[in-house]
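Chemist: Residue numbers (our numbering): 159 to 519. Positions of the beta carbon are idealized from the N, C-alpha and C atoms, including for glycine. Remember, predicted model here, so these are calculated numbers, not experimental data. Got a structure for you, questions after.
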DNA sequence: TACAGGG
DNA sequence: CCCTGTAACAGCTTT
DNA sequence: AAAGCT
């Protein structure tokens, strides 16, 4: 297994223990005991391109990437998507943990309009929790686009997340710290069964990379930092870090404006159509994942799908460079002062939205 | 996967 | 004891 | 209203 060294001796020792373990074992992680089972169970079946990936491989992988992954999970309520019988078996979503939970697992209370009450949500703030999530066969880690920590840019926002929707609305949980621009190829290989999503194939992924590169270039020219990353199975995400001044609704409509702009630039290659048949042969731009919904965390927020990093081949040599996800603060109000292109559209849209809000109030 | 509940 | 069920979910678009 | 889609 390549690249198994991490920054710390403790994690390296844990990796060794994972390698040496039998099918079931108890690990010591950061001073906590974690029981794991079925380490030899295949979670991703083997293909022509890769060997089968077992639960052992998966947990090892989580430990290896923990120093990169944890900073992005920290302070963000989670939605788990669990696949106890592997990616081809039945999956289920989970936000709450009703059972006994280990003492190292942190949670946060949030109000949900759906249940009309406060609920306890899981967060992941340490390696032990990451291993525990691996044991639960949680193959997808979805987070809110918001952080519960006000530092460094959210000090004016509310820190009460319980009691009412109004409390959520005025709190940090209504102010995302990034925009996500989602690009998915609807280019079929021809081997898909009827009604199936397009499978991953080279031409579709290449085209997505081209469009993503064009979009990133737009943003680069405006001095807006953006980061391209593989997403679900076949597509790419572009993350634009923002200062927390804009509510979910506004972030969503800004993503839409960016999409319309991209669509104008590449009408033959990009689509924002609802119906799948009309998307065929094009790259689908989805702005809706920037929305919030009445319950948190929003299930749309697929930010840390580990499945993606395993199933998407990023090493096709001739493809445009894929940028690692990284986050720095992009100051929206300052950038919005810039004229031209996308930003005049966004600025106009933002003003219109605010006018609309005033007239409907 | 982990657990509760019913037969 | 074994078997089965449950663990989320809202909003948007189109017909 | 219902179904399709993420």
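1) So what does DSSP say about residue 285, is it helix, strand or coil?
2) Please report how far the alpha carbon of residue 438 lies from the alpha carbon of residue 427, in whole angstroms.
3) Skipping 5 residues on each side, what residues in its chain have a beta carbon closer than 6 Å to that of residue 242?
4) So if DSSP puts residue 395 in a beta bridge, which residue, or which two residues, is it bridged to?
5) With a threshold of 16 other CB atoms inside 10 Å of the CB of residue 174, please say whether the residue is buried or exposed.
6) I'd like the span of the beta strand (DSSP E) that includes residue 440, first residue to last.
7) Let me know if residue 378 comes out buried or exposed under the rule of 16 or more other beta-carbons within 10 Å of its beta-carbon.
8) If you draw a straight line from the C-alpha of residue 424 to the C-alpha of residue 256, how long is it?
9) What residue range does the beta strand (DSSP E) around residue 190 cover?
10) By DSSP, does residue 262 sit in helix, in strand, or in coil?
11) Kindly provide the ranges of any beta strand (DSSP E) runs that are 3 or more residues long and lie completely inside the segment 203-270, ordered along the chain.
12) Residue 401 lies in the beta strand (DSSP E); which residues open and close that run?
13) What residues in its chain sit with their C-beta under 6 Å from that of residue 204, if we drop five residues either side in the sequence?
14) Keeping to the same chain, check which residues put their C-beta closer than 6 Å to that of residue 233; ignore five residues upstream and five downstream.
Modeler: Let's see:
1) When secondary structure is reduced to three states using DSSP, residue 285 falls in the helix class.
2) Residue 438 and residue 427: Cα-Cα distance of roughly 10 Å.
3) Spatial neighbours of residue 242 in its own chain (CB-CB distance under 6 Å, excluding positions within 5 residues in sequence) are listed in chain order as 295.
4) 340 and 387.
5) Flag for residue 174 reads exposed.
6) Looking at the DSSP string, residue 440 is not in any beta strand (DSSP E), and its letter there is neither H nor E.
7) Residue 378 should be labelled exposed.
8) Computed Cα separation, rounded: 48 Å.
9) It spans 190-194 - the beta strand (DSSP E) in which residue 190 sits, taken as one unbroken run.
10) The answer is coil: DSSP assigns residue 262 none of H, G, I, E or B.
11) List check, beta strand (DSSP E) in window: 236-240, 250-252 and 265-270.
12) No beta strand (DSSP E) contains residue 401, which DSSP labels as neither H nor E.
13) Within the same chain, residue 204 has close Cβ partners 210.
14) In chain order, 305, 306 and 307 place their CB closer than 6 Å to the CB of residue 233, counting only its own chain and leaving out the 5 sequence neighbours on each side.
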